[in-house]
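Residue numbers (full-length UniProt numbering): 1 to 255.
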């Protein structure tokens with residue numbers, strides 16, 4: 001049976017660990033030390049690494065992990081700026097996760113960076129810094145149009161998917177979401193739930209795509225009320241989903 005656990009790193013990163021009680025894979029190990037500690041504590045054998053994009057807080061631990069375990073498989077998106085050891089993968093490719101008897105679907109989703117991808121394992125979607133609970137990644141390299149399309153692509157993978165972002169940004173994202181959509185009662189209820197989790201030092205993640213469709217402004221840009229809110233803040237017309245996304249992302253960048 002597949003088990004998924006967050007390994008905490010830095011201030012707010014989660015290195016997601018997929019395991020079956022014997023073998024394991026990790027997603028975006030920015031730091032090797034907490035991974036090695038987790039593996040030792042849980043008596044797990046690491047078989048591989050999934051890389052969503054090149055940023056150092058997602059890749060910084062890979063070299064040390066490979067040095068400790070030279071047989072590791074490392075998958076990273078083709079075209080990535082990550083220059084460490086890796087097998088490069090393509091959009092739509094199905095990967096075998098050795099030792100877990102699981103497969104991963106590669107889903108390219110540029111926006112946060114141009115080399116970003118997500119990995120879907122069953123109904124578990126590891127989305128890196130593209131989609132957060134209540135928010136989405138800042139556009140360091142890609143365009144609003146690219147990120148808008150990438151979010152739609154992840155959405156279309158299915159509302160039943162569990163989502164595993166790499167950062168614990170939920171409460172900050174919900175403050176912004178409520179500024180955009182203050183009348184959303186599901187959003188208010190979700191904020192209270194997440195506050196309690198964080199007060200108890202429990203992760204707010206994973207979330208679900210169904211939950212995000214109800215509360216995440218960046219997945220609701222097709223709605224007239226979101227477009228009206230974006231236009232009121234920007235002072236510019238907003239008549240379609242992409243315009244709404246672009247205005248909301250600019251608003252969030254300075255929130």
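Virtual Cβ for every residue (Gly too), placed ideally from N, Cα, C.
Checklist entry - Where are the alpha helix (DSSP H) runs, 4 residues long or more, that stay fully inside the UniProt domain "Metallo-beta-lactamase" (12-167), in chain order? => result 32-42, 56-59, 62-68 and 144-155
Checklist entry - What does residue 8 pair with, by DSSP beta-bridge criteria? => result In the chain shown, counting from the first residue as 1, residue 8 sits at position 8. In the DSSP output, where bridge partners are listed per residue, residue 8 has 14.
Checklist entry - Apart from the five residues on each side of it in sequence, which residues of its chain come closer than 6 Å, Cβ to Cβ, to residue 21? => result Here residue 21 refers to the residue found at position 21 of the chain shown. Once the five neighbours on either side are set aside, residue 21 has no close Cβ partner at all.
Next on the checklist: Looking at the strands, I want to know which residues DSSP matches up with residue 208.
Outcome noted: Taking the chain shown and counting its residues from 1, the one referred to as residue 208 is at position 208. Its beta-bridge partners are 162.
Checklist entry - Alpha carbon to alpha carbon, how far is residue 230 from residue 10? => result Numbered from 1 along the chain shown, position 230 holds the residue referred to as residue 230. Numbered from 1 along the chain shown, position 10 holds the residue referred to as residue 10. In a straight line, the C-alpha of residue 230 is about 33 Å away from that of residue 10.
Checklist entry - Should the stretch 120-132 be regarded as contacting the stretch 73-83, the criterion being three or more beta carbon pairs within less than 8 Å? => result no
Item to check | residue 167 versus residue 12 - alpha carbon distance | outcome: For the purposes of this step, residue 167 is taken as residue 167 along the chain shown, with counting starting at 1. For the purposes of this step, residue 12 is taken as residue 12 along the chain shown, with counting starting at 1. Each residue's alpha carbon lies about 5 Å from the other.
Item to check | Cross-strand partners of residue 3 (DSSP beta bridge) | outcome: Stepping through the chain shown from its first residue, residue 3 is reached at position 3. Residue 3 is bridged to 19.
Next on the checklist: For residue 214, which residues in the same chain have their Cβ closer than 7 Å to its Cβ, ignoring the five residues on either side in sequence?
Outcome noted: Here residue 214 is taken as the residue at index 214 of the chain shown, counted from 1. 186, listed in sequence order.
Next on the checklist: DSSP three-state label for residue 170, please.
Outcome noted: Taking the first residue of the chain shown as 1, we reach residue 170 at position 170. Helix, per DSSP.
Next on the checklist: Measuring only the C-alpha atoms, how far is residue 110 from residue 129?
Outcome noted: Sequence index remark: in the chain shown, residue 110 carries index 110 (1-based). Sequence index remark: in the chain shown, residue 129 carries index 129 (1-based). Spanning the two alpha carbons is a distance of roughly 10 Å.
Checklist entry - How big is the Cα-Cα spacing for residue 98 and residue 179? => result The residue given as residue 98 occupies position 98 in the chain shown. The residue given as residue 179 occupies position 179 in the chain shown. Going by the C-alpha atoms only, they are around 45 Å apart.
Checklist entry - Hey, residue 32 and residue 65 are a contact pair by Cβ (cut 8 Å); roughly how many whole angstroms apart? => result The residue you call residue 32 lines up with position 32 of the chain shown. The residue you call residue 65 lines up with position 65 of the chain shown. Residue 32 to residue 65, Cβ: 5 Å. Contact.
Next on the checklist: For residue 133 and residue 212, what's the separation of their Cα atoms in angstroms?
Outcome noted: Reading the chain shown from its first residue, position 133 is the one you call residue 133. Reading the chain shown from its first residue, position 212 is the one you call residue 212. Roughly 7 Å between the two C-alpha positions.
Item to check | Top-ranked residue by Cα proximity to residue 92, from 198, 45, 188 and 121 | outcome: Looking up residue 92 in the chain shown gives position 92. Measuring from the Cα of residue 92, the nearest candidate turns out to be 121.
Checklist entry - By Cβ distance below 7 Å, which residues in the same chain neighbour residue 108 in space, the five residues on each side in sequence not counted? => result For the purposes of this step, residue 108 is identified with residue 108 of the chain shown, where counting begins at 1. So the list reads 77, 91 and 117, once near-sequence residues are dropped.
Checklist entry - Helix or strand or just coil, what does DSSP make of residue 238? => result Within the chain shown, residue 238 is the residue found at index 238, counting from 1. The answer is coil: DSSP assigns residue 238 none of H, G, I, E or B.
Checklist entry - Any contact of the stretch 27-41 with the stretch 53-61, i.e. 3+ C-beta pairs under 8 Å? => result yes
Item to check | Rounded separation between residue 84 and residue 208 - CA only | outcome: On the chain shown, position 84 is the one that residue 84 refers to. On the chain shown, position 208 is the one that residue 208 refers to. Roughly 32 Å between the two C-alpha positions.
Next on the checklist: Suppose the cutoff is 8 Å on Cβ atoms and the five residues either side in sequence are ignored; what does the same chain contact list for residue 16 look like?
Outcome noted: Against the chain shown, residue 16 aligns to sequence position 16. So the list reads 4, 5, 6, 7, 26, 27, 28, 126, 164 and 166, once near-sequence residues are dropped.
Checklist entry - Are the beta-carbon atoms of residue 226 and residue 217 separated by less than 9 Å? => result Mapped onto the chain shown, residue 226 falls at position 226. Mapped onto the chain shown, residue 217 falls at position 217. Cβ atoms of residue 226 and residue 217: closer than 9 Å.
Checklist entry - Given residue 191, which residues of its chain have a CB within under 6 Å of its CB, disregarding the five upstream and five downstream residues? => result Along the chain shown, one-based indexing puts residue 191 at 191. Cβ within range, chain order: 174.
Checklist entry - From what residue to what residue does the alpha helix (DSSP H) around residue 195 run? => result In the chain shown, counting from the first residue as 1, residue 195 sits at position 195. Where residue 195 is concerned, the enclosing alpha helix (DSSP H) stretches over 185-199.
Item to check | When 34, 37 and 43 are compared against residue 19, the one with the closest alpha-carbon | outcome: Residue numbering aside, residue 19 sits at position 19 when the chain shown is read from its first letter. Measuring from the Cα of residue 19, the nearest candidate turns out to be 43.
Next on the checklist: Please state the DSSP three-state secondary structure of residue 218.
Outcome noted: Start at 1 with the first residue of the chain shown, and residue 218 comes out as number 218. Looking at residue 218 - three-state DSSP - the assignment turns out to be helix.
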